[in-house]
Each structure stands twice: as structure tokens, then as C-alpha cells.
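I have placed the structure first, in the form of C-alpha cells, so that the comments after it can refer back to it.
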Amino acid sequence: MNYPEGRAYSHTFAGKDYNDRHRIKRKVERWCAKYSALPHAERLAIMVALNEVDTE
1 MNYPEGRAYS HTFAGKDYND RHRIKRKVER WCAKYSALPH AERLAIMVAL NEVDTE
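Position 44 of the sequence shown, counting from 1, maps to 44 under the UniProt record's numbering, and the rest follow consecutively.
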């Protein structure tokens, strides 16, 4: 790798190969569409919960 183990410096490098990156890209598109369709209050609650997971 040309960067330290751990977090990649860009989300475009998530995945081990082309197929894995493509699967992740499709998953992101689906999640974005579903998230965008939620009411604002629900979106906020989900964002807060995700941020809490990231800080643990």
C-alpha cells in the first residue's frame, strides 16, 4: 500500500478489487437514495447515531 494501514485517504479506495469497489459504490447509491427519502427528523436521528458509532 502507498498509505499507512487503517483509514484510507479517500472513500474511492474502499474495497479490495474492482468488483468489491463496484459493490460498495452501488450500496452507497442505495443508502443515499433511502436516506434522502426520509423525513428531516429521522435523518437527523440517524446522523447522530452514526456519529456516535464513529467516536466509540
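For every residue, glycine included, the Cβ atom is placed at its ideal position computed from N, Cα and C. Keep in mind that this is a model prediction, so the values were computed, not measured.
Cβ-Cβ distance between residue i and residue j below 7 Å
i, j, result
"Ala37", "Ile24", "no"
Simplified DSSP assignment, three categories, for residue i
i, result
"Ala14", "coil"
"Ala37", "coil"
Start-to-end residues for the alpha helix (DSSP H) that takes in residue i
i, result
"Ala49", "His40 to Thr55"
Integer Cβ distance of residue i from residue j, believed to fall under 8 Å
i, j, result
"Arg26", "Tyr35", "No, Arg26 and Tyr35 are not in contact; Cβ-Cβ is about 15 Å, not under 8 Å."
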